[in-house]
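What follows is a short report on a single structure.
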Amino acid sequence: MLTLGVETSCDESSAALVDGDRMLSNVIASQVDLHAAYGGVVPEIAARAHVEAIVPVLGEALSAAAGRPGLVAVTVGPGLVGSLVVGVSVAKGLAWSWDVPMVAVNHVEAHAFAPALEGRLPAFPFLALVVSGGHTLLAEVRGVSDMEVLGRTLDDALGEAYDKVAKLLGLGYPGGPVIDGLSADADPRAVLFPRAMIGSGDLNFSLSGLKTAVSRYVKQAGSGAAPVADIAASFQAAALDVVVRKTVAAALERGLRDVVLGGGVACNRKLRSWLAEECAAQGLRLVFPSPELCTDNAAMVAALGHRRFLEGFRSGLDQDVYPGLAFGS
Ligand code: KG4
Ligand code: ZN
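Residue numbering for the sequence shown follows this note's numbering, starting at 117 and increasing by one per position.
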């Protein structure tokens with residue numbers, strides 16, 4: 117079935133055409149340049165930029181096929197309310213004018229289904245680690261509508277921690293890719309930052325203290341501080357140490373052999389290689405999508421939306437948006 121996916125939950129306007137799991141188009145207009153000057157996403161600017169971008173993005177995505185989609189899948193949450201409203205309104209307009217069904221999708225759940233577009237979604241049940249600018253959680257995915265959160269961040273998301281630390285080190289926005297690049301040739305043992313909650317006995321995370329520790333170190337060390345690249349690599353080592361350990365612990369605790377990594381931070385090379393190594397050591401299989409399917413995109417929304425449709429889910433044209441939509445709800 118030809119499915120149109122629409123995604124506008126944060127700062128990417130995206131539309132994708134997917135036939136079954138075959139991706140025909142996945143057009144993404146990023147607003148990152150608009151928000152860079154502010155060091156983070158400004159909700160009103162994001163909503164207005166979606167208003168400008170979404171129709172051209174849809175036009176380009178739809179030009180990938182001659183036929184009309186039989187389904188519209190759209191992100192209804194979580195995300196920024198003004199941004200979500202743009203995508204959901206456009207999706208409704210198309211579903212109504214084409215007279216085809218519409219199905220609502222949870223953005224964070226969609227990240228866990230991105231490997232489907234590369235034919236690599238494991239059989240249920242699997243463990244999902246979703247790490248992005250807004251979310252950090254571990255979940256057992258037993259089905260398209262049967263998911264259980266096993267652990268989550270109690271404060272900052274992992275991508276948010278990268279972005280905040282990069283900002284305080286003067287590395288610009290978004291910080292994740294910069295820290296990733298700088299860390300490749302740097303010393304991750306230069307500064308020993310705290311591994312918060314590593315022995316907490318549960319699967320939750322806390323990342324805001326780490327940002328404070330980096331800030332304190334920079335202030336206290338002054339001119340004697342380690343090179344910025346080494347500080348960045350040391351921050352990354354501390355953050356990922358906890359994430360990798362808890363992910364492996366979750367899979368073993370739950371007896372899950374397959375692990376899916378998703379979300380923007382899943383682009384991170386150190387996270388990919390470290391988690392792959394630890395999973396292999398425990399006999400676990402790790403799957404992560406190509407970088408363009410890790411960051412926000414509409415193809416993953418179509419992939420999950422299509423599956424939800426097959427399970428009987430439909431949304432009415434009075435569908436609302438849910439900025440705080442819970443995973444697995
Ligand atoms: O999934 P995403 O595109 O948007 C959200 O739903 O939040 O994730 C964006 C986040 C940003 O915080 C960005 O810094 C982070 O993903 N990110 C990375 C890398 N690429 C993107 N973090 C670490 N290493 C990367 N290579
Ligand atoms: Zn996302």
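We treat Cβ as the ideally placed atom computed from N, Cα and C, and that holds for glycine.
If you draw a straight line from the C-alpha of residue i to the C-alpha of residue j, how long is it?
i	j	result
CYS126	LYS335	33 Å
LYS386	LYS362	16 Å
SER205	LEU368	42 Å
TYR289	ASP279	6 Å
VAL224	TRP390	23 Å
GLU168	ASP296	31 Å
ALA189	GLU123	9 Å
ALA345	ASP303	8 Å
LEU243	ALA255	6 Å
LEU402	HIS227	15 Å
LEU372	ALA341	43 Å
GLY183	VAL134	12 Å
GLY234	TYR333	With the sequence shown as reference, residue 234 is identified as Glu, and Gly is not the correct amino acid for it. Computed Cα separation, rounded: 42 Å.
ARG268	LEU253	4 Å
SER299	ALA282	12 Å
GLY203	THR191	7 Å
SER248	LEU409	12 Å
What are the residues that DSSP puts in a beta bridge with residue i?
i	result
THR447	In this structure the chain extends from 117 to 445, so residue 447 is not present and cannot be described.
ALA220	VAL190
ALA131	VAL122, VAL143
VAL403	VAL376
THR269	PHE321
MET263	VAL257
Under 7 Å between the Cβ atoms of residue i and residue j?
i	j	result
VAL143	HIS151	no
ARG258	PHE240	yes
VAL417	VAL216	no
LEU270	SER322	yes
PRO293	PRO405	no
GLN398	VAL364	yes
ALA414	GLY121	yes
LEU319	LEU266	yes
VAL260	GLU427	yes
ALA153	LEU196	no
ALA180	LEU140	yes
VAL437	LEU200	yes
So, for residue i: in the same chain, excluding its five sequence neighbours on each side, which residues have a beta-carbon less than 7 Å away from its beta-carbon?
i	result
LEU326	ALA277, PHE309, PRO310, ALA312, PHE351, ALA354, ALA355
Quick one: what's got a C-beta closer than 8 Å to residue i's C-beta in the same chain, skipping five residues either side?
i	result
LEU433	LYS208, ALA211, TRP212, MET218
ASP357	ARG311, ILE314
GLU264	ALA255, GLU256, ARG258, GLY444
Which same chain residues end up closer than 6 Å to residue i when comparing Cβ atoms and leaving out the 5 residues on each side of it in sequence?
i	result
THR411	GLY380
LEU284	SER331
PHE429	VAL219
PRO129	Rather than Pro, the amino acid found at residue 129 in this sequence is Ser. Hits under 6 Å: ALA145, HIS166, ALA169, ILE170, VAL173.
ASP374	PRO238, PHE242, ARG401
task = Spell out a yes or no on whether the stretch 168-184 and the stretch 437-444 are touching, meaning 3 or more CB-CB pairs, one atom from each, closer than 8 Å.
result = no
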